[in-house]
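Quick note: the sequence shown uses our numbering, first residue 90, plus one each step. Every residue, glycine too, gets a C-beta built ideally from N, C-alpha and C. Accompanying notes for the structure given below.
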Amino acid sequence: MVNQFTINAGFYMLMPYLAAHLAGPLGLAGWAVGFVLGVRNLSQQGLFLLGGALADRFGRKPLIIAGCALRTGGFALLAVAGSLPALVAASAATGFAGALFNPAVRATLAHAAGPERRVAAFALFNVFYQAGMLAGPLIGLALLAADFEAVATCAALVFGALTLLQVRLLPPDQPSEGAPVRVLEAWRSVLGNRRFLAFSAAMTGTYVLSFQVYLALPLQAGRALGDRGDAATTGLFAVSALAGVLGQTRLTGYARERWGPGQAVARGAALMGLAFVPLLFSGGLTALLLTTALLAVGAALSYPFEMDTVVRLSGDRLVATHYGLYNTVCGLGIALGTVATGALWDAADGAGLLWLPWAFMAATGLACAAAVAALERSGRLAVPVSGAG
């Protein structure tokens with residue numbers, strides 16, 4: 090838990106301010122800024138599957154340590170890099186680092202918690218995750234009073250210290266039954282898990298909705314509030330993180346008492362879609378805050394059961410590889426969904442149909458909920474822990 094809080098605090102103290110550093114003091118053109126940021130996202134989302142398979146092949150602890158060490162180097166390079174090649178290399182390193190440790194961290198948590206405590210563990214995990222997202226930008230903003238180099242150096246020091254702590258304190262992996270599975274064999278096994286692939290596809294739209302905190306909601310804040318849009322966007326991030334921190338464990342306890350895992354995930358997805366309904370009627374600050382809060386609550390409701398479902402569908406075998414493929418599928422969905430959202434935004438703006446993107450978001454969430462509910466009703470999510478069908 091502390092590991093993930095520190096990872097997020099270190100990451101988010103730097104990343105929100107990277108684009109302004111690239112475009113401002115370094116004077117990069119817009120396409121170059123987008124390229125540097127895109128390389129980071131692609132190197133992380135596109136390599137999650139590799140990182141997960143490597144964790145199952147060589148152990149979770151070594152991959153967590155390697156990822157933190159690589160991000161230390163990437164952030165240190167960002168502190169001094171002034172040329173585009175160096176910036177691209179640093180960005181790729183920070184992204185690949187996430188691909189190495191993210192699946193391994195989740196697999197470690199799932200293994201340590203066990204079947205009975207897994208949902209509660211992932212609920213608490215999300216509290217620490219959101220708290221790190223909330224603390225990181227505030228720390229970075231304070232350090233930015235000096236300069237960006239101070240921010241990047243401090244972020245590198247955070248990950249360097251975290252790397253050493255992982256070496257000393259992270260419990261070693263327990264030996265696996267049988268010989269370690271080779272990477273290609275792990276990929277073939279996971280890609281043959283049809284129930285898992287169906288669940289991954291059904292959940293992709295919810296990640297597109299979550300990403301709107303970075304895309305459509307800030308665009309609407311700028312449209313509605315003009316110069317105050319940036320301040321409103323900061324408020325939206327704070328509301329999103331606080332909703333996860335304050336409501337996660339209560340939501341999870343409430344859902345566990347009343348619903349099965351599939352039902353909780355479906356209801357969370359439906360709430361994420363319905364979160365955009367207020368913006369169908371008003372584009373002002375109140376509607377933006379309400380949408381952000383409901384979106385965060387829906388994600389918090391779904392998340393622990395979603396992560397538990399991934400483990401159950403894996404049959405407790407090659408868990409990190411399953412998480413890696415899950416993140417890769419959802420990452421590709423975010424990339425496609427972001428392009429589609431941007432195109433729909435432009436088209437709706439030109440036609441005067443400002444409600445259209447929000448209707449699309451609402452329909453996406455309800456479609457995801459219906460897909461998950463259908464998988465639940467058909468029994469395709471009820472996979473015994475002893476085997477992945």
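What are the boundary residues of the alpha helix (DSSP H) that residue 222 is part of? 173-232
Burial state of residue 299, where buried means 16 or more other Cβ atoms lie within 10 Å: buried
Beta carbon of residue 410 nearer than 8 Å to that of residue 202: no
Going by beta carbon distance, what residues of the same chain come within less than 6 Å of residue 122, once the five residues before and after it are set aside? 108, 111 and 112
Spatial neighbours of residue 306 within its chain, please: C-beta separation below 8 Å, excluding the five flanking residues on both sides. 322, 325, 377, 380 and 381
With the cut-off set at 8 Å, would you say residue 156 and residue 182 are in Cβ contact? no
Roughly how many angstroms separate the alpha carbons of residue 475 and residue 172, rounded to a whole number? At residue 475, the pLDDT of 45 sits below 50, so the modelled position is not reliable; the number obtained from the coordinates is stated separately. Spanning the two alpha carbons is a distance of roughly 52 Å.
What separation, rounded to the nearest whole angstrom, lies between the Cα atoms of residue 482 and residue 100? The requested residue 482 does not occur in the structure, where the chain is confined to residues 90 to 478.
Under the rule that 16 or more other beta-carbon atoms within 10 Å means buried, what is residue 505, buried or exposed? There is simply no residue 505 to check, as the chain begins at 90 and stops at 478 in what is shown.
Cβ of residue 229 within 8 Å of Cβ of residue 102? yes
Residue 154: which of 254, 428, 215 and 98 sits nearest, CA to CA? 254
Exposed or buried, what is residue 195 when buried is set at 16 or more other beta-carbons lying within 10 Å of its beta-carbon? buried
If you compare alpha carbons, which of 390, 372 and 149 is closest to residue 332? 390
Three or more C-beta pairs under 8 Å: does that hold for the region 235-243 against the region 424-433? no
Using the rule of at least 16 other Cβ atoms within 10 Å of the residue's Cβ for burial, across every protein chain shown, is residue 357 buried or exposed? buried
Chain-order list of residues whose beta-carbon lies under 6 Å from that of residue 340 (same chain, five-residue window excluded): 389 and 390
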